[in-house]
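Below: the structure, in structure tokens.
Structural data, given as structure tokens:
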């Protein structure tokens, strides 16, 4: 099992072999020397790759998806798809990585041959890595060889050594260690890319470890570790820890090996290095087996098996089932041992079936090619035979002419016979001419008869065509009338719907105005009066008269209770009786039915959002109300999408419509917009607007939530605390 563990993490390190931006858009050293007119890369693509290379991969991922939705050229589309392919490859989501690689091939239509071949070569490398992760090593080898051929054609050293590095890893998987060592040492000659050098150090160390040359293995591991510490490379550090652990394991130093594997597992989990996390768990399980801790081994193998199934890593699953089978045999659990054996065999059959299908397709192509070559050869042979036949016929004709001349000279009687026969033939020809004349007369008569028949048919056909034309004309007029009636009715329906929407909006505004008026009266009449009375009592308070202090305290209590009652009347009662998301969903459904607008509503995760502080829920609810009101009044939209996500202590509200849009610089800051902006500022949040004419509008709102607790208060004045402080003084 120790040997198996190296098969997979050797592969992953190739992802670090080059910088994405340098490989696709900005490899200045290789492109500066070429004086051909290559168009400058899109600055948006350069910014995207810069963001990815800085380690902000999730932001780059989100921006890449938004960029694909906008109008960009084919070259930018291909580069964006390739970045997404690398993003999923790093997380071992193989199907998605292969899909986006093929999408990059589809849009790689730039006129520049070297630039086009460079992107293809990068894609070949990605496909090779993905198939290697799945355990399809021959398929991986094929794509690396194709990438080497392409890079040599355009003298691209970086991609040549990248594919050479990957091919060496494939040789390692196939057990050809000598060829693998030769290619890895060849990669050390390339000094322009430290990542390829780091990968070569690690893989050479692994190979020496397998060949039981432990001292040389440690030397190369230390060289790789020094490079990782300079560049803060977590992935390389994890792989080196696994290599050192295996070195200890091969020397039966299981405690030291277990320490290295545990440290590698922690780093892999923290940095989402999914396949390295699987390998770390498997190597830990190996140590437990060696120490006869079978229960701990089964537990860690189960974790690794679950992750392998999620990411579709077939070879990992096969080896884990084999290890579980060995543990079951040692524990004399033969039933489970047989079950694990069946699952391993089934996965092996799946892999061999995939490779067999590929071989069958290649054999079929070879067979068809051979058949065509045979057909071409047979045609050539037939042509040669025809040429020979024609040549022999010409010679035979010449011989016949010579014989005739000899006969003519030697026998005059035969000449007279020929003359008689020619006169007979002339008579026959004259008879044939007369027969032809008779037949010509018969043919003319038949033509006349046919002409009369056709004329009669046309005479009948013309009125029929006239009737059909009249019928078609009437049908067309009736069809136009029906279309106009349909348009008129649809306009009436639309006007009725608009009136209903305006009535709903007016009713909502009217209700808000009445509530504001009631709050104003309540504040003026009750709370204002109480505060005025308290002020008068404080003005007349003397040092000798402390009896009024109790009255002031009572007035303060009464004023606080009125403020509290008023605030409670303003809170939606639905939030205290029902879950926030259920209330919001009910409100959106009502708006959708009333306005005939399709509203898509996606919250995640529901439990955490429902547990947020009620103040935050109320403000978010009112912000959504304002956005919906503006959309119904101005946007003329038919669809609205609302996403509410609470991830990493940040509440994100994404509001998108497909309406007419607007120019952001011409936005009108009305009362509703200002109120919405103030609510977001109260929550310490930020928002961004993305809109263009005839393209719809996107509102992106982000609100930070305190890490210590999910229920957070809004920044403002806590009236109760001030009143309590006034009482104590």
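Numbering (our numbering), first residue to last: 26 to 754. Heads up, the beta-carbon is just placed ideally off N, CA and C, and yes, glycines get one too.
Candidates 312, 243 and 169: which alpha carbon is nearest residue 278's? For the purposes of this step, residue 278 is taken as the residue at position 253 of the chain shown. The alpha carbon of residue 278 has as its nearest neighbour, out of 312, 243 and 169, the alpha carbon of 312.
Backbone secondary structure at residue 310 - three-state DSSP: Taking the chain shown and counting its residues from 1, one reaches residue 310 at position 285. Residue state, collapsed to three classes: helix.
Environment of residue 494 [buried if 16+ CB atoms lie within 10 Å]: Within the chain shown, numbered from 1, the residue matching residue 494 stands at position 469. By the 10 Å Cβ count, residue 494 comes out exposed.
Could you spell out the range, first to last residue, of the beta strand (DSSP E) harbouring residue 104? Locating residue 104 in the chain shown gives position 79, where the first residue counts as 1. Unbroken run through residue 104 is the alpha helix (DSSP H), 99 to 115; no beta strand (DSSP E).
Evaluate residue 370 with the Cβ neighbour count: other Cβ atoms within 10 Å of its Cβ, from every protein chain shown; 16 or more gives buried, anything less gives exposed. Your numbering for residue 370 matches position 345 in the chain shown. Exposed.
What separation, rounded to the nearest whole angstrom, lies between the Cα atoms of residue 260 and residue 304? To locate residue 260, count along the chain shown from 1; it is residue 235. To locate residue 304, count along the chain shown from 1; it is residue 279. CA-to-CA, the gap between residue 260 and residue 304 works out to about 13 Å.
Are there 16 or more other CB atoms within 10 angstroms of the CB of residue 701, so buried, or fewer, so exposed? Residue 701 sits at position 676 when you count from the first residue of the chain shown. Buried: at least 16 other Cβ atoms inside 10 Å.
For a quick check, are the C-beta atoms of residue 13 and residue 654 less than 8 Å apart? What is shown of the chain runs 26 to 754, which leaves residue 13 out entirely.
For residue 485 and residue 491, I'd like the C-alpha separation in whole angstroms. In the chain shown, residue 485 corresponds to position 460, counting from 1. In the chain shown, residue 491 corresponds to position 466, counting from 1. Cα to Cα, residue 485 sits roughly 11 Å from residue 491.
As assigned by DSSP and simplified to three states, the class of residue 47: Your numbering for residue 47 matches position 22 in the chain shown. Bear in mind that a pLDDT of 35 at residue 47, under 50, signals an unreliable position, so the number given afterwards is only what the model happens to contain. Note: residue 47 maps to helix in three-state DSSP.
Of the residues 120, 161 and 473, which one's Cα is nearest the Cα of residue 340? Here residue 340 corresponds to residue number 315 of the chain shown, with the count starting at 1. For the residues 120, 161 and 473, the minimum Cα distance to residue 340 belongs to 161.
7 Å Cβ shell around residue 297 - same chain, five flanking residues per side excluded: Here residue 297 corresponds to residue number 272 of the chain shown, with the count starting at 1. Within the same chain, residue 297 has close Cβ partners 116.
Are residue 283 and residue 293 closer than 8 Å when you measure CB to CB? If you number the chain shown from 1, residue 283 lands on position 258. If you number the chain shown from 1, residue 293 lands on position 268. The answer is no: Cβ separation not under 8 Å.
Alpha carbon to alpha carbon, how far is residue 724 from residue 679? Give it in angstroms, no decimals. Start at 1 with the first residue of the chain shown, and residue 679 comes out as number 654. Start at 1 with the first residue of the chain shown, and residue 724 comes out as number 699. Their Cα atoms are separated by approximately 6 Å.
Taking C-alpha atoms, which residue in 134, 613, 157 and 105 lies nearest to residue 125? For the purposes of this step, residue 125 is taken as the residue at position 100 of the chain shown. Of the candidates 134, 613, 157 and 105, the one whose C-alpha sits nearest the C-alpha of residue 125 is 105.
Rounded Cβ spacing between residue 155 and residue 122 (contact assumed at less than 8 Å): Residue mapping note: residue 155 aligns to position 130 of the chain shown, counting from 1. Residue mapping note: residue 122 aligns to position 97 of the chain shown, counting from 1. With a Cβ gap of about 5 Å, residue 155 and residue 122 count as contacting.
Just grab the DSSP bridge partners of residue 681 for me. Translated into the one-based positions of the chain shown, residue 681 becomes position 656. In the DSSP output, where bridge partners are listed per residue, residue 681 has 666 and 723.
Alpha carbon to alpha carbon, how far is residue 324 from residue 348? Against the chain shown, residue 324 aligns to sequence position 299. Against the chain shown, residue 348 aligns to sequence position 323. For residue 324 and residue 348, the distance between alpha carbons rounds to 12 Å.
Considering only the alpha carbon of each residue, which of 512, 346 and 675 lies closest to residue 330? Reading the chain shown from its first residue, position 305 is the one you call residue 330. Out of 512, 346 and 675, 346 has the C-alpha closest to the C-alpha of residue 330.
Indicate the three-state DSSP secondary structure (helix, strand or coil) for residue 72 in the structure shown. As a first step, residue 72 is located in the chain shown; it is residue number 47 there, counting from the start. If DSSP states are grouped into helix, strand and coil, residue 72 belongs with the helices.
Do you know whose CA, among 164, 319, 112 and 217, lies nearest residue 185's CA? Reading the chain shown from its first residue, position 160 is the one you call residue 185. Nearest option by C-alpha distance: 217.
Distance check for residue 251 and residue 242, CA to CA, integer angstroms please. Residue mapping note: residue 242 aligns to position 217 of the chain shown, counting from 1. Residue mapping note: residue 251 aligns to position 226 of the chain shown, counting from 1. One C-alpha to the other measures close to 15 Å.
Is residue 151 near residue 114, with beta carbons less than 8 Å apart? Taking the first residue of the chain shown as 1, we reach residue 151 at position 126. Taking the first residue of the chain shown as 1, we reach residue 114 at position 89. Yes, the pair counts as a contact, with Cβ atoms nearer than the cut-off.
Count the other CB atoms within 10 Å of the CB of residue 451; is the residue buried (16 or more) or exposed (fewer)? As a working mapping, residue 451 is identified with position 426 in the chain shown. Residue 451 comes out exposed.
With 16 other Cβ atoms within 10 Å as the buried cut-off, status of residue 189: Position 164 of the chain shown, counted from the start, is the residue given in the question as residue 189. Residue 189 should be labelled buried.
Inter-stretch contact (C-beta, 8 Å, three-pair minimum) for the segment 605 to 612 and the segment 631 to 643: yes
Count the other CB atoms, across all protein chains shown, that sit within 10 Å of the CB of residue 131; report buried if there are 16 or more and exposed otherwise. Within the chain shown, numbered from 1, the residue matching residue 131 stands at position 106. Flag for residue 131 reads exposed.
So for residue 627, helix, strand or coil by DSSP? By 1-based counting over the chain shown, the position of residue 627 is 602. In this structure, residue 627 counts as strand in the three-state DSSP scheme.
Can you tell me the Cβ-Cβ gap for residue 310 and residue 326, rounded? I've got them flagged as a contact below 8 Å. Taking the first residue of the chain shown as 1, we reach residue 310 at position 285. Taking the first residue of the chain shown as 1, we reach residue 326 at position 301. About 5 Å separates the two Cβ atoms, so the contact holds.
Could you check whether residue 215 and residue 205 sit closer than 8 Å to each other, using their CB atoms as the reference points? Position 180 of the chain shown holds residue 205. Position 190 of the chain shown holds residue 215. Cβ atoms of residue 205 and residue 215: not closer than 8 Å.
Pick from 207, 200 and 73 that is closest to residue 235, judged by C-alpha positions: In the chain shown, counting from the first residue as 1, residue 235 sits at position 210. Among 207, 200 and 73, the Cα nearest to that of residue 235 is on 200.
Contact belief for residue 107 with residue 148 at Cβ below 8 Å, rounded distance in angstroms: As a first step, residue 107 is located in the chain shown; it is residue number 82 there, counting from the start. As a first step, residue 148 is located in the chain shown; it is residue number 123 there, counting from the start. That pair is a contact at about 7 Å.
Let me check understanding here. Comparing Cα to Cα, which of 239, 238 and 230 lies closest to residue 248? Counting from one through the chain shown, the residue named residue 248 turns up at place 223. Ranking the options by Cα distance to residue 248, first place goes to 230.
Excluding the 5 residues preceding and the 5 following residue 643 in the sequence, name in chain order all residues of the same chain whose CB lies nearer than 6 Å to its CB. By one-based count along the chain shown, residue 643 stands at place 618. Cβ neighbours of residue 643 beyond the five flanking positions: none.
Burial state of residue 166, where buried means 16 or more other Cβ atoms lie within 10 Å: What you label residue 166 is simply residue 141 of the chain shown in a count that begins at 1. The residue in question, residue 166, is buried, as its Cβ has 16 or more Cβ neighbours within 10 Å.
Starting from the N-terminal side, write out each stretch of the alpha helix (DSSP H) that is 4 residues or longer and does not extend beyond the segment 271 to 312. Within the segment 271 to 312, the complete alpha helix (DSSP H) runs of at least 4 residues are 279 to 295.
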